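Just so we're aligned: the sequence shown equals residues 20 to 259 in our numbering.
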Amino acid sequence: YMPSITVTGTKLEYTVDDLSPDVTYIVECVSANGVDSCDSNMDTIIILPTVEDVNAIEDVLDGSLSLRVSWNAVPGSGITYTVAYSNSSGTITEPPYGASTVEGITGTSTKLSRLKQGTVYYIWVAAVSSDGQGPYSTIASWTTNAVLPQVQDVTIRGVSDGSLSLTVSWAAVSDKSGITYTVWYSTSSDTETEPPSGASTVEGITGTSTKLSRLKQGTVYYIWVADIWVAAVSSDGQGS
Numbered sequence: 020y021m022p023s024i025t026v027t028g029t030k031l032e033y034t035v036d037d038l039s040p041d042v043t044y045i046v047e048c049v050s051a052n053g054v055d056s057c058d059s060n061m062d063t064i065i066i067l068p069t070v071e072d073v074n075a076i077e078d079v080l081d082g083s084l085s086l087r088v089s090w091n092a093v094p095g096s097g098i099t100y101t102v103a104y105s106n107s108s109g110t111i112t113e114p115p116y117g118a119s120t121v122e123g124i125t126g127t128s129t130k131l132s133r134l135k136q137g138t139v140y141y142i143w144v145a146a147v148s149s150d151g152q153g154p155y156s157t158i159a160s161w162t163t164n165a166v167l168p169q170v171q172d173v174t175i176r177g178v179s180d181g182s183l184s185l186t187v188s189w190a191a192v193s194d195k196s197g198i199t200y201t202v203w204y205s206t207s208s209d210t211e212t213e214p215p216s217g218a219s220t221v222e223g224i225t226g227t228s229t230k231l232s233r234l235k236q237g238t239v240y241y242i243w244v245a246d247i248w249v250a251a252v253s254s255d256g257q258g259s
């Protein structure tokens with residue numbers, strides 16, 4: 020594809036549309052009379068793939084404070100994607116210094132986890148080819164779930180029915196309708212307020228107690244309880 024144009028005067032500005040990503044184009048400046056010279060005789064341009072826009076952001080209703088971000092695929096083989104996100108806005112097409120990133124994504128969506136409650140997050144997506152990373156998409160934003168009351172008065176009791184089980188109970192956090200609870204339990208503890216990755220869960224609990232069964236003998240278990248409020252079709256948040 021070698022477009023050409025003949026002009027008169029001393030200044031040339033020419034835009035070529037619909038170029039393909041991941042293709043090397045050679046740009047050559049040749050005078051019409053074959054005598055006059057150009058300021059720059061030849062240049063090489065590589066068109067990097069570009070994600071136009073983030074097309075969807077939604078809350079993940081799985082008991083975690085997370086978002087699912089998705090976008091349209093860009094043409095080309097071997098394309099991966101990088102998602103940058105931050106609670107400060109940077110610019111329309113550039114994340115701020117220190118923004119968190121998820122790299123090497125092979126599909127067209129990813130999950131952003133362990134976010135802060137009631138916080139605006141700004142999100143950018145870039146495509147990456149063998150020639151490098153293309154420009155970031157236009158900024159998108161989303162406000163994470165609002166803060167809910169923290170679960171209080173968690174009580175743990177052994178179950179005397181011959182099984183290796185525990186009963187976990189807690190005080191109701193609110194009289195709002197639509198509140199459910201998630202219980203995490205694990206034999207390891209990363210922090211006082213966050214269960215470790217891979218912890219077992221019991222989800223969708225509508226009351227204020229649940230039974231944990233098939234536990235190991237003589238083992239310390241760490242337990243966390245969080246409330247989740249789903250009103251109508253939107254999630255208003257998860258407590259802690």
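Backbone N, C-alpha and C define an ideal beta-carbon position, used for all residues, glycine too. Note that the structure is predicted; figures quoted are calculated from it, not measured.
Residue span of the beta strand (DSSP E) that contains A92, given as start and end: Position 73 of the sequence shown, counted from the first residue, corresponds to residue 92. First-last for A92: undefined, no H or E at that position.
Between A191, A92, W161, R87, which has its C-alpha nearest S148's C-alpha? Numbered from its first residue, the sequence shown carries residue 148 at position 129. If we check each option's Cα against that of S148, A92 comes out closest.
For S85, I'd like the list of residues in its chain whose CB is within less than 7 Å of its CB, leaving aside the five on either flank, ordered along the chain. Numbered from 1 along the sequence shown, position 66 holds the residue referred to as residue 85. Apart from sequence neighbours up to five positions away, the residues of its chain that approach S85 with a beta-carbon distance below 7 Å are V79, K130, L131, S132, L134, ordered along the chain.
Buried or exposed, going by whether 16 or more other CB atoms sit within 10 Å of the CB of G153? Numbered from its first residue, the sequence shown carries residue 153 at position 134. It is buried - the Cβ of G153 has at least 16 other Cβ atoms within 10 Å.
Using C-beta distances below 7 Å, list every residue in its chain close to E113, excluding the 5 sequence neighbours before and after it, in chain order. Taking the first residue of the sequence shown as position 1, residue 113 is located at position 94. Annotation for E113: Y155 place their beta carbon closer than 7 Å to its own, counting only its chain and skipping 5 residues before and after.
Who pairs with T127 in a beta bridge, going by DSSP? Residue numbering aside, residue 127 sits at position 108 when the sequence shown is read from its first letter. Bridge partners of T127: none, in fact.
Measure the beta-carbon distance from T163 to G137 and round it to whole angstroms, keeping in mind my assumption that it falls under 8 Å. Reading the sequence shown from its first residue, position 144 is the one you call residue 163. Reading the sequence shown from its first residue, position 118 is the one you call residue 137. Confirmed, Cβ separation roughly 6 Å.
Which whole-angstrom value describes the C-beta separation of R233 and L185, a residue pair presumed to lie in contact below a C-beta threshold of 8 Å? On the sequence shown, residue 233 is found 214 positions in, with the first residue counted as 1. On the sequence shown, residue 185 is found 166 positions in, with the first residue counted as 1. The Cβ separation is near 11 Å, so there is no contact.
Given a threshold of 16 other Cβ atoms within 10 Å of its Cβ, counted over all protein chains shown, does Y116 qualify as buried or as exposed? Within the sequence shown, residue 116 is the residue found at index 97, counting from 1. Looking at its Cβ environment, which holds fewer than 16 other Cβ atoms inside 10 Å, Y116 is exposed.
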